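Colleague:
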Amino acid sequence: MSSSAIDVATPEAIARYEPVIGLEVHVQLATATKIFCGCPTGFGAPPNTNVCPVCLGLPGALPVLSREAVELAIKGGLALNCHIRPKSRFARKNYFYPDLPKGYQISQYDEPVAEHGYVDIVVDGVARRIGVTRVHMEDDAGKSIHDGFKDSDRYSYVDLNRCGTPLIEIVSDPDMRSSGEAYAYLTELKQVLQFVEVSTCDMEKGHLRCDANVSVRLHGAEKFGTKAEVKNLNSFRFLKQALDYEISRQVALLEGGGRVVQETRLYNPDLGETFTMRSKEDAHDYRYFPEPDLVPLRVGEKWLAQVRAAMPELPARKRTRFIEEYGLRAYDAEVLTATRPASEYYETVARVSGDPKTAANWVMGDLMALLKAEGKEIAASPVNPENLGELVKLIAKDEISGKLAKEIFPKMFSSGESAGVVMEREGLKQISDTDELDRVIAEVIANNPKQVEQYRGGKATVINFLVGQAMRATRGQANVMVVTELLKRNLGTGEIC
């Protein structure tokens, strides 16, 4: 669909309306095998190799529910502050598509595994709570691959490796009022699910996919407008762009005297536009009914308590604790809790070093800079957190200078060795011996008569220049406090050692 006058609304017109947005997020659970059979879920296998009679939908093949998938679904529900239902039930969701060999999807309908949760977000400094209607389990369909452009040379292929991959679908309440809030909600959702290791949420591999329901209404109106669903949004950026376009499109329609039609739409990132996929009249009637081959799922208090006990500290709580316990700035706490491995790495460095603020600076600064340059994640850091903690501890105890530490650290990163081993091999130990430093200071005083005269004339800040000269002469290995003390003593008396 090409752009037209009706597709674009003015900022003034958009400002008169309030968007109403809800998201449906499909998340692939981090299991080794599929939800109802033992086939592997690994990404990138040759087409149609990770299949069996169950996921191929062959007659007589019966599903067996994966306990691991259920536990991950429960973890996801708990992480989203949901109530876990003691009894839930699977249902058949009937529709035809070439990559759905059974002719139905096993999902959950009116009795999901979890419901009535929430996600807290902050956008432009304003805190908002977004409700989570439900979290339900289901199996994934396969993948259709379309090739060719001309009718005479167009082929479609079906890869059923993904059939039966375990998913949870997270359905939000229609609580979001801007594309920015939707972006923040999805960001927080992804972070939380990664923290509890429910899913890798790798969007490039299809582990997290999103559909958005969006409508608009005049500010102050209570009734929702007619919604459109934008399906298969596979990046955070595309989500925001699609919502901004769809809000503008709907406002333009209403301002022009038209009406919004309930329909399913797709987003074209090349054009920056949504376009019709199917109308309401063509929408599926899924004809849900209870899955006859699976008994109801019952989650007892003992099992729920075991899963709850294995839950890690969630990122929001961890951010608050880092600020209160370690005295970090809110920004630093947010960076250090961006992923669970980063937060755990930092806490080890802070514990070993005994200096949480300096530890935060080293993790966010020197370590992350080298990791980024090497294209590595923090979990694959050549410097383990204990070794970085020991380096920071040496600085805190004034056994090495910060400058010397910055010379030692890249050598630790390239070798994987501890600070002590690098210092011993490279001869990078701090010099605190006063006899050796007296000789250095004598040279600094003799070589900088102008600065010496300025200091003795009352310009106290010149001492920093002279300390710098001494540090340069010792390649940063001199003890700064000892150097400063010796300089002041010699310059104060006017004597040269």
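Throughout the sequence shown, residue numbering follows the working numbering, covering 3 to 499 in sequence. Note that the Cβ used here is the ideal one computed from N, Cα and C, for glycine as well. Remember, it's a predicted structure, so these values are computed and weren't measured experimentally.
How many Å lie between V297 and R91 at the Cα?
Modeller: Working through the sequence shown from its first residue, we reach residue 297 at position 295. Working through the sequence shown from its first residue, we reach residue 91 at position 89. The straight-line gap from Cα to Cα measures roughly 7 Å.
Colleague: Which residues mark the beginning and the end of the beta strand (DSSP E) in which L235 is found?
Modeller: Translated into the one-based positions of the sequence shown, residue 235 becomes position 233. Taken as a continuous stretch (DSSP letters only), the beta strand (DSSP E) holding L235 covers 230-235.
Colleague: Taking the runs of the alpha helix (DSSP H) that are 4 residues or longer, which of them lie wholly in the stretch 448-483?
Modeller: DSSP runs (the alpha helix (DSSP H)) wholly in the stretch 448-483: 451-458, 464-475.
Colleague: Would you kindly check if the distance between the Cβ of R94 and the Cβ of Y347 is under 8 Å?
Modeller: The residue you call residue 347 lines up with position 345 of the sequence shown. The residue you call residue 94 lines up with position 92 of the sequence shown. It is not a contact, given that the beta carbons lie outside the stated cut-off.
Colleague: Smallest Cα separation from E327: which of V216, H138, V424, G356?
Modeller: Reading the sequence shown from its first residue, position 325 is the one you call residue 327. When only C-alpha atoms are compared, the closest one is G356.
Colleague: Where do the N-terminal and C-terminal ends of the beta strand (DSSP E) with T276 fall, by residue?
Modeller: Looking up residue 276 in the sequence shown gives position 274. That run of the beta strand (DSSP E) goes 275-281.
Colleague: Going residue by residue through the stretch 360-422, where are the continuous alpha helix (DSSP H) segments of at least 4 residues, counting only ones entirely within it?
Modeller: Whole alpha helix (DSSP H) segments, 4+ residues: 370-376, 387-398, 404-417.
Colleague: Is the CB-CB distance between P65 and I108 below 8 Å?
Modeller: As a first step, residue 65 must be located in the sequence shown, where it is residue number 63. As a first step, residue 108 must be located in the sequence shown, where it is residue number 106. Cβ distance < 8 Å, so P65 and I108 count as in contact.
Colleague: What distance in whole Å lies between the Cβ atoms of Q453 and L468, which are believed to be in contact at a cut-off of 8 Å?
Modeller: In the sequence shown, counting from the first residue as 1, residue 468 sits at position 466. In the sequence shown, counting from the first residue as 1, residue 453 sits at position 451. Yes, L468 and Q453 are in contact; Cβ-Cβ is about 6 Å, under 8 Å.
Colleague: Hey, would you say L74 sits closer than 8 Å to T35, going by beta carbons?
Modeller: Start at 1 with the first residue of the sequence shown, and residue 74 comes out as number 72. Start at 1 with the first residue of the sequence shown, and residue 35 comes out as number 33. Not in contact: L74 and T35 (Cβ atoms no closer than 8 Å).
Colleague: If you draw a straight line from the C-alpha of F324 to the C-alpha of V337, how long is it?
Modeller: Looking up residue 324 in the sequence shown gives position 322. Looking up residue 337 in the sequence shown gives position 335. Taking the straight line joining both Cα atoms gives about 11 Å.
Colleague: Is it the case that the stretch 50-57 contacts the stretch 18-27, given that we only count it when at least three CB pairs across the two stretches are under 8 Å?
Modeller: Short answer: they don't touch.
Colleague: Under 8 Å, do Y97 and I132 count as touching if we go by C-beta distance?
Modeller: As a working mapping, residue 97 is identified with position 95 in the sequence shown. As a working mapping, residue 132 is identified with position 130 in the sequence shown. For Y97 and I132, no; Cβs fall outside 8 Å.
Colleague: To the nearest angstrom, how far is the alpha carbon of K490 from that of I465?
Modeller: By one-based count along the sequence shown, residue 490 stands at place 488. By one-based count along the sequence shown, residue 465 stands at place 463. If I take the Cα positions, the gap works out to 8 Å.
Colleague: Report the residue from I170, V309, L58 whose alpha carbon sits nearest the alpha carbon of L210.
Modeller: Stepping through the sequence shown from its first residue, residue 210 is reached at position 208. Per the Cα distances, I170.
Colleague: When the Cα atoms are used, what is the spatial distance from L268 to F238?
Modeller: In the sequence shown, residue 268 corresponds to position 266, counting from 1. In the sequence shown, residue 238 corresponds to position 236, counting from 1. Roughly 15 Å between the two C-alpha positions.
Colleague: According to the neighbour-count rule (16 or more other Cβ atoms, all chains shown, within 10 Å of its Cβ), is S174 buried or exposed?
Modeller: Indexing the sequence shown from 1 puts residue 174 at position 172. Result: buried.
Colleague: I need the boundaries of the alpha helix (DSSP H) containing L245, first residue and last residue.
Modeller: Position 243 of the sequence shown, counted from the first residue, corresponds to residue 245. Start and end: 238-257.
Colleague: So, using beta-carbon positions, are A184 and A214 closer together than 8 Å?
Modeller: Within the sequence shown, the letter at position 182 stands for residue 184. Within the sequence shown, the letter at position 212 stands for residue 214. Yes, the pair counts as a contact, with Cβ atoms nearer than the cut-off.
Colleague: Are the CB atoms of R69 and E117 within a distance shorter than 8 Å?
Modeller: Here residue 117 corresponds to residue number 115 of the sequence shown, with the count starting at 1. Here residue 69 corresponds to residue number 67 of the sequence shown, with the count starting at 1. The answer is no: Cβ separation not under 8 Å.
Colleague: Kindly indicate which three-state DSSP category E497 falls into: helix, strand or coil?
Modeller: Here residue 497 is taken as the residue at index 495 of the sequence shown, counted from 1. A caution first: E497 carries a pLDDT of 41, below 50, which makes its placement in the model unreliable, though a value can still be read off. If DSSP states are grouped into helix, strand and coil, E497 belongs with coil.
Colleague: Once DSSP output is grouped into helix, strand and coil, what is the label at G24?
Modeller: Taking the first residue of the sequence shown as 1, we reach residue 24 at position 22. Of the three classes helix, strand and coil, the one that applies to G24 here is strand, per DSSP.
Colleague: Taking 8 Å as the CB-CB cut-off, is G78 touching chain D?
Modeller: Any reference to chain D falls outside this structure, which holds one protein chain only.
Colleague: Using DSSP with H/G/I as helix, E/B as strand and the rest coil, what is A93?
Modeller: Counting from 1 along the sequence shown, the entry for residue 93 is found at position 91. In this structure, A93 counts as strand in the three-state DSSP scheme.
Colleague: Kindly indicate which three-state DSSP category L313 falls into: helix, strand or coil?
Modeller: Translated into positions along the sequence shown, residue 313 becomes position 311. Sequence check: residue 313 is Met here, not Leu. Three-state DSSP puts M313 in coil, outside helix and strand.
Colleague: Within its chain, find whatever has a CB closer than 7 Å to the CB of A129; leave out the 5 residues flanking it on each side and keep chain order.
Modeller: On the sequence shown, position 127 is the one that residue 129 refers to. Once the five neighbours on either side are set aside, the close Cβ partners of A129 are D122.
Colleague: Starting from P13, follow the alpha helix (DSSP H) in both directions and report where the run begins and ends.
Modeller: Here residue 13 corresponds to residue number 11 of the sequence shown, with the count starting at 1. Segment 13-17, the alpha helix (DSSP H) holding P13.
Colleague: Do T43 and T228 have their C-beta atoms within less than 8 Å of each other?
Modeller: Working through the sequence shown from its first residue, we reach residue 43 at position 41. Working through the sequence shown from its first residue, we reach residue 228 at position 226. Result no, Cβ atoms of T43 and T228 do not sit closer than 8 Å.
Colleague: When DSSP builds the beta bridges, which residues end up paired with D141?
Modeller: In the sequence shown, the residue the question calls residue 141 occupies position 139. D141 is bridged to P168.
Colleague: Going by the CB atoms, is the gap between V137 and C203 shorter than 8 Å?
Modeller: Counted from its first residue, the sequence shown places residue 203 at position 201. Counted from its first residue, the sequence shown places residue 137 at position 135. Against a cut-off of 8 Å, the Cβ pair of V137 and C203 comes out as no contact.
Colleague: Please report how far the alpha carbon of V485 lies from the alpha carbon of L406, in whole angstroms.
Modeller: Along the sequence shown, one-based indexing puts residue 485 at 483. Along the sequence shown, one-based indexing puts residue 406 at 404. Approximately 15 Å between the Cα atoms of the pair.
Colleague: For the putative contact between V29 and L195, defined by C-beta atoms under 8 Å, what is the C-beta separation to the nearest angstrom?
Modeller: Your numbering for residue 29 matches position 27 in the sequence shown. Your numbering for residue 195 matches position 193 in the sequence shown. Going by Cβ atoms, the distance from V29 to L195 rounds to 6 Å, so yes, they are a contact pair.
Colleague: Considering Q107, what are the terminal residues of the beta strand (DSSP E) in which it resides?
Modeller: Taking the sequence shown and counting its residues from 1, one reaches residue 107 at position 105. Looking at the DSSP string, the run of the beta strand (DSSP E) that includes Q107 is 106-110.
Colleague: Taking the straight line between their C-alpha atoms, what separation do you get for Y106 and F45?
Modeller: Residue 106 sits at position 104 when you count from the first residue of the sequence shown. Residue 45 sits at position 43 when you count from the first residue of the sequence shown. Rounded to whole angstroms, Y106 to F45 spans 23 Å at the Cα level.
Colleague: Should R164 be labelled buried (16 or more other beta-carbon atoms within 10 Å of its own) or exposed?
Modeller: Start at 1 with the first residue of the sequence shown, and residue 164 comes out as number 162. When all chains shown are included, R164 counts as buried.
Colleague: Put P55 into one of helix, strand or coil per three-state DSSP.
Modeller: Here residue 55 is taken as the residue at index 53 of the sequence shown, counted from 1. In the structure shown, P55 sits in coil (DSSP, three-state: anything other than H, G, I, E or B).
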